[in-house]
Each structure stands twice: as C-alpha cells, then as structure tokens.
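Taken in order, these protein sequences are the chains called Z and B. Take 101 as the starting number for the first sequence in the working numbering and just add one per residue. Take 20 as the starting number for the second sequence in the working numbering and just add one per residue. Note that beta-carbon positions come from the ideal geometry of N, C-alpha and C, so glycine has one too. As structure tokens, the structure follows; a few thoughts come after it.
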Amino acid sequence: ELKVEQNPLFLSMQEGKNYTIYCNYSTTSDRLYWYRQDPGKSLESLFVLLSNGAVKQEGRLMASLDTKARLSTLHITAAVHDLSATYFCAAIHSGNTPLVFGKGTRLSVIA
Amino acid sequence: DAGITQSPRHKVTETGTPVTLRCHQTENHRYMYWYRQDPGHGLRLIHYSYGVKDTDKGEVSDGYSVSRSKTEDFLLTLESATSSQTSVYFCAISESELAGSLTNTGELFFGEGSRLTVL
Chain Z
101 ELKVEQNPLF
111 LSMQEGKNYT
121 IYCNYSTTSD
131 RLYWYRQDPG
141 KSLESLFVLL
151 SNGAVKQEGR
161 LMASLDTKAR
171 LSTLHITAAV
181 HDLSATYFCA
191 AIHSGNTPLV
201 FGKGTRLSVI
211 A
Chain B
20 DAGITQSPRH
30 KVTETGTPVT
40 LRCHQTENHR
50 YMYWYRQDPG
60 HGLRLIHYSY
70 GVKDTDKGEV
80 SDGYSVSRSK
90 TEDFLLTLES
100 ATSSQTSVYF
110 CAISESELAG
120 SLTNTGELFF
130 GEGSRLTVL
C-alpha cells in the first residue's frame, strides 16, 4: 500500500528566508505531484515530476524528485507572504491507480 | 481552468438523512474521483470512476455510494448521514491512460469543494 508522508506539517518562516518541504513515499511511484491550497479554496496543481532527477521551477518554488530515495522536495527561495498556503504532495503507485496524498504542509510566511 | 462544477457548495443536514453531492465536468475526462478533506488527514479517496458505470472503492468508502450514468456526472451519496461525515468533499477529474501518452501527466483537476455539515 502506497503511503505518502510530508514534513514538516506546519512551517512558519520569515520573509526572505529559504526552506524545504519534504515528501517521502513508501513504495515505487511513477510520478510525483505538488499542489497548493489557499484557505477555503480548491487545490491548484503546481508541479508534475515525471521521472527520476526531474526538477521544475516556478518563481520562488522549485520541486525535485529522487525516485531511488523515494523522496521529493519543494524548495522555497526568499519566501514572500503570498506563498502562505497549504502544500500537498501526491504520488501514484502505477498506471491509472488514484493519487495518494500526503497530509499537507501548512506554510505561513511572516514579516 | 478545468470545467468542474460541484453542487451543492454548502449543505447542512441532520443525522440519518440522505445526501447526494453532484460533480459535473465539461472536459470529457474518463476518470472522476471523490475525496474528502479533514484537518490532520489531508485528502482521502472515497470512490473513483474509470468510466460510465465503472467505479471502485477508495480508502474511506464505508457509508458512501457513487454512481456514474454518463461521462459528465459523478454522484456521491450518503445514504444515512452521520456526524463523522462532516467534511469538505472535493471532486477531481483526470485524463485517461498514462502509459504511452506524451501529453497526459495524470494530474488531477479539482472542483471548488462542497462543505457538508451533519448535525
């Protein structure tokens, strides 16, 4: 059974600082997904990582995937308040099986 | 934005009453999903569908049933609502088979959510 763990679950960081959110998964996964959720809103797709070593960047966020370590990271560079949200990672075991989500990391960026 | 509409968006009901949530898509995607979101649990899969009349259970399917009589609609029914089913329910859709597709990433697109309160 595929399990996905994120850490930390809560993160309070100062504006301008860097930090990394970690996403570990328990069994082989073809792909890894990152989503963002603002309070009271739906989930928005951020990144789709399709293979080992994949790295994707959008603004101050960069995601990477290491399938051998069963680890994905979401790195935040020079955080700004607008990045405050909950971030979810999700993995897929194989083929068309449904995505399994982590519990989410609630990020709060403070001045 | 993917064309996904959930209804109702908010509902308050009493224990023991039946409740049906509707998910409607205009993308003609094959796969549709119902997740529930609760504090401390993230998103958990209730049921999903891989085609008309084809459905399967997820992690937390007890107390829920689903139906999909046409591609665009996926209904989630609580036959007799309980307080433990108070939650935010998200519908999601995705395209078809991943294998061999250069453009299909398998990512999910979510509806706006339906907040259900069972008193």
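- The alpha carbon of G116/Z has as its nearest neighbour, out of L143/Z, C189/Z, T177/Z, the alpha carbon of T177/Z.
- If you check the CB distance, R55/B and S106/B come in under 8 Å.
- Bounds of the beta strand (DSSP E) holding R41/B are 38–44.
- By DSSP's assignment, R206/Z forms a beta bridge with F110/Z, T186/Z.
- L109/Z is not a Cβ neighbour of A191/Z, given a cutoff of 8 Å.
- In this chain, the beta strand (DSSP E) harbouring E158/Z covers 155–158.
- In this structure, L150/Z sits away from A163/Z, with a CB-CB distance that is not shorter than 8 Å.
- If you ignore the 5 residues before and after S84/B, its C-beta comes within less than 7 Å of the C-beta of T96, E98, all in its own chain and listed in chain order.
- For a cut-off of 8 Å, the C-beta gap from V137/B to T34/B is around 6 Å, short enough to register as a contact.
- Considering only I23/B, Q104/B, E114/B, the residue with the shortest C-alpha distance to S142/Z is I23/B.
- At a cut-off of 8 Å between beta-carbon atoms, T24/B makes no contact with chain Z.
- 8 Å or more divides the Cβ of K203/Z from the Cβ of G77/B.
- The alpha carbon of I112/B has as its nearest neighbour, out of S102/B, F128/B, I65/B, the alpha carbon of F128/B.
- Close partners of L40/B in chain Z (Cβ separation under 9 Å) are lacking, with about 15 Å as the shortest Cβ gap.
- Within chain B, the residues G61, L62 have their CB atoms less than 9 Å from the CB of F188/Z, given in chain order.
- Just measuring C-alpha positions, the residue of M51/B, Q25/B, T36/B sitting nearest S102/B is T36/B.
- Residues I65, H66 of the same chain have their beta carbon placed closer than 7 Å to that of S80/B, with the five preceding and five following residues left out of the count.
- Taking A185/Z as the centre and dropping the five residues before and after it, the same chain places the C-beta of R136, Q137, D138, L207 closer than 7 Å to its C-beta, in chain order.
- Here P27/B is exposed: its Cβ has fewer than 16 other Cβ atoms, across all protein chains shown, within 10 Å.
- Chain order gives no chain Z residues near E46/B, where near means a beta carbon separation below 7 Å; the closest approach is about 14 Å.
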